[in-house]
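In full-length UniProt numbering, the protein residues as written are 1 to 354. Worksheet: one structure, shown below.
What follows is the structure in structure tokens.
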């Protein structure tokens with residue numbers, strides 16, 4: 001081994017291994033764990049949000065329903081987002097999948113779990129209200145007052161066209177904030193505080209959008225929320241439920257397509273710059289080692305093109321985005337294999353825990 005090769009090898013050995021450990025500690029929770037997280041988060045969202053809408057209006061005090069929904073969403077994202085990504089909304093799940101942030105194989109389990117959790121949350125409220133001696137017989141009326149609707153069932157009699165338009169816009173905006181908060185360029189260390197900030201941003205946006213929507217549709221955006229309430233409401237709620245699936249999902253898909261096109265443009269631009277970076281740094285994935293190597297000039301024939309340990313392709317694995325909000329591996333931080341060299345499971349993180 002030449003002295004130049006030895007020096008470069010020593011520099012590579014001394015170079016710190018880039019952090020690619022997910023925020024969740026390196027575990028993947030599988031279909032069951034993720035589905036349970038989505039169900040519990042949806043339960044929390046509906047139990048708190050709809051509960052405040054019913055009991056808060058009757059008592060005349062406390063926080064408003066939009067704020068309750070926003071705080072519940074932020075809390076659920078912080079508590080369970082590291083497991084599933086913190087969607088709790090079929091529109092968010094579909095928008096994230098379209099954007100390439102969530103693997104398509106998780107879409108159906110997520111949506112089913114969200115519906116189950118949401119329905120259970122409203123069912124518990126039904127049981128609580130029905131047990132009251134004086135208002136128990138009015139349970140369905142109480143829940144119908146929180147259902148989403150248009151025309152004569154709109155809070156201010158807004159027509160179908162107005163309800164459709166505002167729900168599409170709200171779905172697109174909420175999905176855009178969610179995807180924007182899930183930065184692809186965050187490092188593992190920066191992603192930890194960014195997770196809480198992102199949850200706060202999404203929660204506040206959700207609360208503000210609901211404040212705008214309540215006079216028009218009584219607040220929608222979330223098809224799971226609309227479905228769960230409609231199940232326990234009067235018949236008209238189920239008849240008008242289709243709009244509160246079509247509109248938010250359409251808006252989410254639009255936002256997802258926009259983010260996907262932007263991500264593809266960024267990736268293409270980075271790929272165009274890759275040869276220049278390789279010439280300057282000696283290797284695409286070995287910039288750290290090259291920076292720490294001795295100042296001695298290295299001829300072109302000694303330039304390494306094999307990525308160093310802890311570095312590699314900048315393209316994420318196929319399913320690596322499945323929990324993209326909190327623990328998606330940082331772009332450019334390495335291959336899909338863990339630091340210890342063991343094989344990652346199919347979702348791109350070492351270890352398995354359900």
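For every residue, glycine included, the Cβ atom is placed at its ideal position computed from N, Cα and C. Predicted model, so just to flag it, every value in this text is computed and none were measured.
Residue 228: CB within 7 Å of a non-hydrogen atom of the ligand PLP: Of the ligands one can find in the structure shown there are none, so the ligand PLP has no counterpart to examine.
Backbone CA spacing between residue 305 and residue 176 [nearest angstrom]: Summary for residue 305: the model assigns pLDDT 46, below 50, so the residue's position carries little reliability; its value from the coordinates is reported in the next sentence. Whole-angstrom Cα-Cα distance: 38 Å.
Contact check, residue 355 vs residue 91, beta carbons under 8 Å: The structure shown does not extend to residue 355, since the chain spans only 1 to 354, so no value can be given for it.
Assigned secondary structure, residue 121 (DSSP; H/G/I helix, E/B strand, else coil): helix
Interface flag, residue 36 vs chain B, CB-CB below 8 Å: Considering every chain present, this structure includes no chain B. It has just one protein chain.
Nearest-angstrom Cβ-Cβ length linking residue 117 and residue 42, presumed shorter than 8 Å: 3 Å
Residue burial classification, residue 265 (beta-carbon count within 10 angstroms, cutoff 16): exposed
Nonlocal neighbours in the same chain, by C-beta distance under 7 Å from residue 73, ignoring five residues either side: 45, 88, 202, 203 and 206
Residue 159 versus residue 255: straight-line alpha-carbon distance, rounded: 25 Å
Contact between the segment 237-247 and the segment 163-172 (3+ Cβ pairs under 8 Å): yes
Residue of 200, 241 and 234 minimising C-alpha distance to residue 219: 241
Alpha helix (DSSP H) segment containing residue 241, residue limits: Premise fails: residue 241 is in no alpha helix (DSSP H) and is neither H nor E.
Closest residue to residue 86 among 104, 114 and 105 (Cα-Cα distance): 114
Counted within 10 angstroms of its Cβ, other Cβ atoms place residue 152 as buried (16 or more) or exposed: exposed
Under 8 Å between C-beta atoms of residue 231 and residue 119: yes
Nearest-angstrom Cα separation, counted from residue 134 out to residue 107: 43 Å
Helix, strand or coil at residue 87 according to DSSP, with G and I counted as helix: coil
Supposed close pair residue 35, residue 110 - CB separation, criterion 8 Å: 7 Å
Residue 166 - containing alpha helix (DSSP H), residue span: 160-181
Residue 133 (DSSP reduced to helix, strand or coil): coil
DSSP-derived helix/strand/coil call for residue 232: coil
Closest by C-alpha distance to residue 30, when choosing among 56, 55 and 82: 82
Delimiting residues of the alpha helix (DSSP H) encompassing residue 360: The structure shown does not extend to residue 360, since the chain is modelled only from 1 through 354, so no value can be given for it.
Cα-Cα separation, residue 104 to residue 97: 6 Å
Alpha helix (DSSP H) segment containing residue 37, residue limits: 30-51
Residue 93 versus residue 141 - alpha carbon distance: 31 Å
Closest Cα partner of residue 235 within the set 145, 197, 259 and 155: 145
Collapsed DSSP secondary structure at residue 214 in the structure displayed: helix
Within 8 Å, strictly: CB atoms of residue 221 and residue 174: yes
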